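**Q** In order, the protein sequence lines correspond to chains A and B.
So in the numbering used here, spot 4 of the first sequence is number 4, and the numbers just go up one at a time.
When you read off a place in the second sequence, starting at 1, and then add 393, the result is the number in the numbering used here.
Quick reminder that beta carbons are idealized off the backbone N, C-alpha and C, glycines included.
Here the structure is a predicted model, which means the values were calculated and not measured.
Here it is, the structure in full.
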Amino acid sequence: MCMFRRFYQIICDVCAVWRDEMKTFVHDEGIFLFCLLMPAVYPLLYAWIYNNEVLREVPVAVVDDSHSALSREFIQMADATPDVRIAYHAVSLDDARRMIEAQQVRGIYYIPAELSDAVYSARRTYISVYTDMAMTLQYKTIYMAANAVVTQMNKNIRIGRMTKLTTQRDEEVSAAPLKFEEVPIFNPSGGYAGFILPCVLMLVLQQTLMLGIGLSEGTRRERRRLITVARTIPSRGYGLRLAFGKGMAYFMVYSVWAAYLSLAVPRMFGLVMIAQWRDLLAIMFPYLLACIGFGLTLSWLVRYRENVLLLVVFTSVPFLFLSGISWPLSSLPAFWQGFGALIPSTYAIRAYVRVATMGASVADVMPEFRALWIQAAAYFVAASIVMYRTRKG
Amino acid sequence: MRRIINIVWRELRILRRNPIYMVFMVVMPIVAVLFFTTILRSGQPVEMPVGVVDQDYTPITRRMARLLDAFQTTRIAGQYATVSEARKAVQRGEIYAFLYVPKGTSAKLLASRKPTISFYYSMTSMTSGSLLFRDLKTISTLGNAGLIQASLRQRGATEDQIMTYLQPITIDLHQVANPTLDYNAYLSTALIPGVLTLFMFLLAAYSLGTELKFETGPNLLYQAGDNIWVALTGKLLPLFTISLAIFYLYELYVYYYLGFPHLGGPWPLVWLGLLTVMASLGFGIFMFGLLPQLRMSMSICSLWAVLSFSMAGSIFPAASMDAPLEALAWLFPLRHYFMIYQAVVFNGYPVVGVWLHVVALVVFALLPLFVFPRIKKALKYYVYVP
Chain A
1 MCMFRRFYQI ICDVCAVWRD EMKTFVHDEG IFLFCLLMPA VYPLLYAWIY NNEVLREVPV
61 AVVDDSHSAL SREFIQMADA TPDVRIAYHA VSLDDARRMI EAQQVRGIYY IPAELSDAVY
121 SARRTYISVY TDMAMTLQYK TIYMAANAVV TQMNKNIRIG RMTKLTTQRD EEVSAAPLKF
181 EEVPIFNPSG GYAGFILPCV LMLVLQQTLM LGIGLSEGTR RERRRLITVA RTIPSRGYGL
241 RLAFGKGMAY FMVYSVWAAY LSLAVPRMFG LVMIAQWRDL LAIMFPYLLA CIGFGLTLSW
301 LVRYRENVLL LVVFTSVPFL FLSGISWPLS SLPAFWQGFG ALIPSTYAIR AYVRVATMGA
361 SVADVMPEFR ALWIQAAAYF VAASIVMYRT RKG
Chain B
394 MRRIINIVWR ELRILRRNPI YMVFMVVMPI VAVLFFTTIL RSGQPVEMPV GVVDQDYTPI
454 TRRMARLLDA FQTTRIAGQY ATVSEARKAV QRGEIYAFLY VPKGTSAKLL ASRKPTISFY
514 YSMTSMTSGS LLFRDLKTIS TLGNAGLIQA SLRQRGATED QIMTYLQPIT IDLHQVANPT
574 LDYNAYLSTA LIPGVLTLFM FLLAAYSLGT ELKFETGPNL LYQAGDNIWV ALTGKLLPLF
634 TISLAIFYLY ELYVYYYLGF PHLGGPWPLV WLGLLTVMAS LGFGIFMFGL LPQLRMSMSI
694 CSLWAVLSFS MAGSIFPAAS MDAPLEALAW LFPLRHYFMI YQAVVFNGYP VVGVWLHVVA
754 LVVFALLPLF VFPRIKKALK YYVYVP
């Protein structure tokens, strides 16, 4: 009976803390902004920014010194690709360079005077591509477009030179005996949104949680007073009860956000989303717990409530890198990989991307799944200690 | 003048007393610089794990796999029996791509029946995906070239004739200003200034806002003889000096120690650094003037700063975003920094091409002038409500 009563008391305490935390949620503008408004609006904003997925019609200048049927064929074929647009016909390389300097075009195709002569007299020749390297996506687009056009032209020239062969099929086979097929899997359009958005969604969850928890804890510390209900809680088991009570409040609100970010937003913007609900749930549950524990633990560093903004906001981009999605994991220095192991989003992003866009199951993301549970447990213990220490005010 | 010096001393005392300033003015920027430059040190990802599903297993197909392994960016991490096993490995994150050679490839090849070889690559990671795609392109050209080469050689063609036959037209690529395609020079120069401007936004709002929070505003104005110009000049001079020093240190480190490309020479670095620091602090002060409250102004500044990374258009170009977004990008100082940087510093082009962006940065630097009266009123009468 006595044990039952003690257990009942613990539940009561946890619930009281929970209720108290929910109240600050509604009353505090800052927490309202970061925990209720930002998770709703930010993903939509990012989805809009990367809406166009790939680069289309990058402006390019062309310098045609050849003025031949072949050079015109190149220009027409390049202009016809969805990737680049021939924006300017320059009279010389210097002229074209001026267009680049004026930021009107991003690259130059230079066709030498000898092009046609060389091709018909069976000499090797070239087409020069000059690209502005300031943005790799533009460089890639300009180069790939030229490459595709030249490959096609080469094949045609090769077929034209074959006189001894008889059928068209023979010609094709000799021009390219082996067929290569490229199959982009799991993000078939190769778009930027399909790649960056899943990472951003997971990150928004963690960062806004950290901001919200930091603001709420910072306020409490600033006012140097305990929550009214917390006064009655005995010092034994105080930290644990407080950590659980607060955790419940955030968990309640963020279950909704987790569902919204991991399920609704990808559907709304047509991202690849082939997860099974069980796998998704299995990832999101420990991730939320780990984030809450992480936030409560870090609140230890927050002396004034506004400091948390300085502390959290700038970490978003580095955390994105640590996840190993934008920069391959195999190229991350070991030191930073170790540091990344402390951050919940590192594992959650990896697991979520594979579950949601690659259709992996929990068994496939076992290492991440385990890491998230370990983090959740460790950070809750740490959070309890932090809570216990703040008891003294 | 005397008053300004007094306020500078007062500010320095505040900076010393609150560790937040030292941490976010000096320590964290240095950590951020080191973070990005060490993470991207290799310049390009190398030895990315890929798999091979070779169901034919003949000397010809094995040679192809070896060719793949020989590339700098790829490393054969495993052989798989079936496509679905390899797909599982991609899902587990063990490999980024795999080459699939179906049974009978060599036989078909010898019989001139044009077999198909497939290369599956995961585009969920953009950097690795596009680099692997580039390798695949090379292999498919080389693979075909090797076969044609062999048959031409049998017919007695010379090496030169073979090359002319294979590639009548080649592409002669000039990667202007960054010939090695160094991702470090490309990403760090956009992301680190982003982090630095973020700190400047927030610290400008923070240092003014804490005057309200601790109700020291009237004292500040009293020391300045009720002159808001004197008060703000003295108040922000230390922050400005230290931020500028940090920004120059960053430039010195990446351009002269790490040797990032900067065809524009040292002078653009000097004036662009100065303009960026002034514009960023100006933006922070302006936001505080609009919403004279520590919490709100800092919140808006952080929302703005986080969006800056995307809106700067350094990775996904602003010109490829929807038109309204391209217009909105003008509201972000980092966008202008990046546009000037890529034209003037990176490529060494004349300033004329980006003069509008220079004007925009100057406007950001001057914005606070509009809100001086509001800041004065806030410092004088505002009562902090937590």
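#1: Name the residues in the stretch 517-539 of chain B whose C-beta lies less than 8 Å from a C-beta of chain A; which are they?
#2: What is the DSSP secondary structure of A:Glu-181, counted as helix, strand or coil?
#3: DSSP state of B:Gly-536, grouped into three classes?
#4: Nearest by alpha-carbon distance to A:Cys-291: which of A:Val-312, A:Ala-61, A:Arg-303 and A:Glu-306 is it?
#5: The stretch 306-333 of chain A: which residues have C-beta closer than 7 Å to a C-beta of chain B, in chain order?
#6: Alpha carbon to alpha carbon, how far is A:Gly-194 from A:Ala-348?
#7: I believe A:Val-54 touches A:Ala-96 by the beta-carbon criterion, under 8 Å. Please report the beta-carbon distance rounded to the nearest angstrom.
#8: From the beta carbon of B:His-655, is the nearest beta carbon of chain A less than 9 Å away?
#9: Going by the beta-carbon positions, is the gap between B:Ala-722 and B:Ala-711 smaller than 9 Å?
#10: By alpha-carbon positions, which one of B:Leu-596, B:Gly-471, B:Ala-425 and B:Ser-695 ends up nearest to B:Leu-629?
#11: Could you tell me the distance, in whole angstroms, from the CA atom of B:Ser-701 to the CA atom of B:Phe-709?
#12: Can you tell me whether B:Leu-762 is buried or exposed? The criterion is at least 16 other CB atoms within 10 Å of its CB, across all chains shown.
#13: Measuring only the C-alpha atoms, how far is A:Gly-393 from A:Arg-223?
#14: Given a threshold of 16 other Cβ atoms within 10 Å of its Cβ, counted over all protein chains shown, does A:Trp-277 qualify as buried or as exposed?
#15: On the three-state DSSP scale, how would you describe B:Ile-562?
#16: In three-state terms, what does DSSP make of B:Pro-847?
#17: Starting from B:Phe-512 and walking both ways along the alpha helix (DSSP H), at which residues does that stretch end?
#18: Are the C-beta of A:Glu-101 and some C-beta of chain B separated by less than 9 Å?
#19: Taking the CB atoms as reference points, tell me whether A:Ile-233 and A:Asp-13 lie closer together than 9 Å.
#20: I'd like the ranges of any alpha helix (DSSP H) spanning at least 4 consecutive residues and lying wholly in the stretch 321-384 of chain A.
#21: Count the other CB atoms within 10 Å of the CB of B:Val-647; is the residue buried (16 or more) or exposed (fewer)?
#22: Run through the stretch 542-590 of chain B for me and flag every whole beta strand (DSSP E) of 3 or more residues, listed as ranges in chain order.
#23: Which residue from B:Leu-684, B:Met-680 and B:Met-421 puts its Cα closest to that of B:Leu-759?
#24: So with Cβ pairs under 9 Å, would you call A:Met-268 a contact of chain B?
#25: Classify B:Asp-780: buried if its beta carbon has 16 or more other beta carbons within 10 angstroms, exposed otherwise.
#26: List the DSSP bridge partners of B:Arg-468.
#27: Whose C-beta lies closer than 8 Å to the C-beta of A:Gln-152 among residues of the same chain, with five residues either side of it excluded?
#28: Determine the DSSP secondary structure at A:Pro-59, reduced to helix, strand or coil.
#29: CB-CB under 6 Å to B:Ile-768, same chain, minus the five flanking residues each way: which ones, in chain order?
#30: Helix or strand or just coil, what does DSSP make of B:Ile-413?
#31: Among B:Phe-464, B:Gly-486 and B:Gly-444, which has the Cα closest to the Cα of B:Tyr-473?
#32: So which residues of chain B does A:Trp-336 contact, with C-beta pairs closer than 9 Å?
#33: On the three-state DSSP scale, how would you describe B:Asp-619?
#34: For A:Pro-39, return the contacting residues in chain B, with the cut-off set at a CB-CB distance below 9 Å.
#35: Could you tell me which residues DSSP puts in a beta bridge with A:Ser-128?
**A** In brief:
#1: The stretch 517-539 of chain B vs chain A, Cβ under 8 Å: Thr-517, Ser-518, Met-519, Thr-520, Ser-521, Gly-522, Ser-523, Phe-526, Leu-529, Lys-530, Ile-532, Ser-533, Thr-534, Gly-536 and Asn-537.
#2: For the purposes of this step, residue 181 of chain A is identified with residue 181 of the first sequence, where counting begins at 1. In this structure, A:Glu-181 counts as strand in the three-state DSSP scheme.
#3: As a working note, residue 536 of chain B is residue 143 in the second sequence. B:Gly-536: helix per DSSP, three-state reduction.
#4: In the first sequence, residue 291 of chain A corresponds to position 291, counting from 1. It is A:Val-312 whose Cα lies nearest to the Cα of A:Cys-291.
#5: Within the stretch 306-333 of chain A, Glu-306, Asn-307, Leu-309, Leu-310, Val-313, Phe-314, Ser-316, Val-317, Pro-318, Phe-321, Ile-325, Ser-326, Trp-327, Pro-328, Ser-330, Ser-331, Leu-332 and Pro-333 place their CB atoms closer than 7 Å to a CB of chain B, listed in sequence order.
#6: The count along the first sequence starts at 1 and reaches residue 194 of chain A at position 194. The count along the first sequence starts at 1 and reaches residue 348 of chain A at position 348. Using only the alpha carbons, I get a separation of about 17 Å.
#7: To locate residue 54 of chain A, count along the first sequence from 1; it is residue 54. To locate residue 96 of chain A, count along the first sequence from 1; it is residue 96. Contact flag wrong, Cβ pair sits at about 25 Å.
#8: Locating residue 655 of chain B in the second sequence gives position 262, where the first residue counts as 1. Closer than 9 Å to the CB of B:His-655 there is not a single CB belonging to chain A.
#9: For this step, residue 722 of chain B is matched to residue 329 along the second sequence. For this step, residue 711 of chain B is matched to residue 318 along the second sequence. Taking 9 Å as the Cβ cut-off, B:Ala-722 and B:Ala-711 qualify as a contacting pair.
#10: In the second sequence, the residue the question calls residue 629 of chain B occupies position 236. Of the listed residues, the one whose Cα sits closest to B:Leu-629 is B:Leu-596.
#11: Counting from 1 along the second sequence, the entry for residue 701 of chain B is found at position 308. Counting from 1 along the second sequence, the entry for residue 709 of chain B is found at position 316. CA-to-CA, the gap between B:Ser-701 and B:Phe-709 works out to about 12 Å.
#12: The sequence position of residue 762 of chain B within the second sequence is 369, counting from 1. Exposed, by the Cβ-count rule.
#13: Locating residue 393 of chain A in the first sequence gives position 393, where the first residue counts as 1. Locating residue 223 of chain A in the first sequence gives position 223, where the first residue counts as 1. Low confidence applies here, because A:Gly-393 scores a pLDDT of 48, under 50, leaving its location unreliable and the question unanswered by this model.
#14: As a first step, residue 277 of chain A must be located in the first sequence, where it is residue number 277. Classification for A:Trp-277: exposed.
#15: For the purposes of this step, residue 562 of chain B is identified with residue 169 of the second sequence, where counting begins at 1. In this structure, DSSP gives B:Ile-562 an extended state, which the three-state scheme calls strand.
#16: An answer regarding residue 847 of chain B cannot be provided, because it is not within the stretch 394 to 779 covered by chain B.
#17: As a position in the second sequence, residue 512 of chain B is number 119, starting the count at 1. Per DSSP, B:Phe-512 lies in no alpha helix (DSSP H); the unbroken beta strand (DSSP E) holding it starts and ends at 509-515.
#18: In the first sequence, residue 101 of chain A corresponds to position 101, counting from 1. So yes, A:Glu-101 belongs to the interface.
#19: Taking the first residue of the first sequence as position 1, residue 233 of chain A is located at position 233. Taking the first residue of the first sequence as position 1, residue 13 of chain A is located at position 13. Yes, the pair counts as a contact, with Cβ atoms nearer than the cut-off.
#20: For the stretch 321-384 of chain A, whole alpha helix (DSSP H) runs of length 4 or above, ordered along the chain, are 334-340 and 344-358.
#21: Here residue 647 of chain B refers to the residue found at position 254 of the second sequence. Taking all protein chains in view, the Cβ of B:Val-647 is crowded by 16 or more other Cβ atoms within 10 Å, so the residue is classified as buried.
#22: The stretch 542-590 of chain B contains, as complete beta strand (DSSP E) runs of 3+ residues, the segments 562-569 (chain order).
#23: The sequence position of residue 759 of chain B within the second sequence is 366, counting from 1. Measuring C-alpha to C-alpha distances from B:Leu-759 to each of B:Leu-684, B:Met-680 and B:Met-421 identifies B:Met-680 as the nearest.
#24: Locating residue 268 of chain A in the first sequence gives position 268, counting from the first residue. Output row for A:Met-268: interface = no.
#25: Look at the range of chain B in this structure, 394 to 779, and you will see that residue 780 of chain B is not part of it.
#26: As a position in the second sequence, residue 468 of chain B is number 75, starting the count at 1. Checking the DSSP bridge columns, you'll see B:Arg-468 partnered with B:Pro-442.
#27: Mapped onto the first sequence, residue 152 of chain A falls at position 152. Answer for A:Gln-152: Met-77, listed in chain order.
#28: Within the first sequence, the letter at position 59 stands for residue 59 of chain A. Looking at A:Pro-59 - three-state DSSP - the assignment turns out to be strand.
#29: The residue given as residue 768 of chain B occupies position 375 in the second sequence. Result list for B:Ile-768: Gly-682, in chain order.
#30: Here residue 413 of chain B is taken as the residue at index 20 of the second sequence, counted from 1. In the three-state scheme derived from DSSP, where H, G and I count as helix and E and B as strand, B:Ile-413 is classed as helix.
#31: Looking up residue 473 of chain B in the second sequence gives position 80. It is B:Gly-444 whose Cα lies nearest to the Cα of B:Tyr-473.
#32: One-based indexing of the first sequence puts residue 336 of chain A at position 336. Going along chain B in sequence order, the residues near A:Trp-336 (Cβ under 9 Å) are Phe-428, Thr-431 and Ile-432.
#33: As a position in the second sequence, residue 619 of chain B is number 226, starting the count at 1. In this structure, B:Asp-619 counts as coil in the three-state DSSP scheme.
#34: On the first sequence, position 39 is the one that residue 39 of chain A refers to. Under the 9 Å cutoff, chain B gives no residues; its nearest Cβ is about 13 Å from A:Pro-39.
#35: Walking along the first sequence from the start, residue 128 of chain A turns up at place 128. For A:Ser-128, which the question treats as bridged, DSSP gives the partners A:Tyr-110 and B:Asp-565.
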